[in-house]
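In the numbering used here, the protein residues as written are 190 to 268.
Positions of the beta carbon are idealized from the N, C-alpha and C atoms, including for glycine.
Let me begin by presenting the structure, written as structure tokens, before commenting on it.
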């Protein structure tokens, strides 16, 4: 999994709940009881810092990705 300083991740916490972490960071920016709460906060942080938001499943795989900065894969149909 690509983790870099230009991304934030919503990941499951082994002790329960969900964390928002900066890519490559060890500590969580926030801990939340529900995934929805973590995604909301992760989007807010990601928009403010212009980063990619990676939303993981319970098993750790990336389920969704939102671009709030320079999109590395912009749509090709836009001129």
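Rounded to the nearest angstrom, what separates residue i and residue j at their Cα positions?
| i | j | result |
| --- | --- | --- |
| residue 266 | residue 254 | 19 Å |
| residue 209 | residue 230 | 8 Å |
| residue 220 | residue 256 | 22 Å |
| residue 247 | residue 216 | 18 Å |
| residue 225 | residue 249 | 16 Å |
Grab me the residues of residue i's own chain with a C-beta within less than 8 Å of its C-beta, minus the 5 sequence neighbours each way, in chain order.
| i | result |
| --- | --- |
| residue 197 | 209, 210, 211, 212, 218, 231, 234, 235, 238, 240, 241, 242, 243 |
| residue 202 | 208, 217, 220 |
Select from the options the residue whose C-alpha is nearest the C-alpha of residue i.
| i | options | result |
| --- | --- | --- |
| residue 223 | 250, 216, 204 | 204 |
| residue 214 | 228, 195, 227, 225 | 195 |
Can you find a heavy atom of the ligand GTP that lies under 6 Å from the Cβ of residue i?
| i | result |
| --- | --- |
| residue 196 | The ligand GTP is not part of this structure, which contains no ligands at all. |
Excluding the 5 residues flanking residue i on each side, which residues of the same chain have their C-beta closer than 7 Å to its C-beta?
| i | result |
| --- | --- |
| residue 228 | 199, 244 |
| residue 206 | 220, 221, 222 |
| residue 191 | Reliability of the predicted coordinates at residue 191 is poor, the pLDDT of 45 falling under 50, and no value is obtained from them. |
Skipping 5 residues on each side, what residues in its chain have a beta carbon closer than 6 Å to that of residue i?
| i | result |
| --- | --- |
| residue 251 | 243, 245 |
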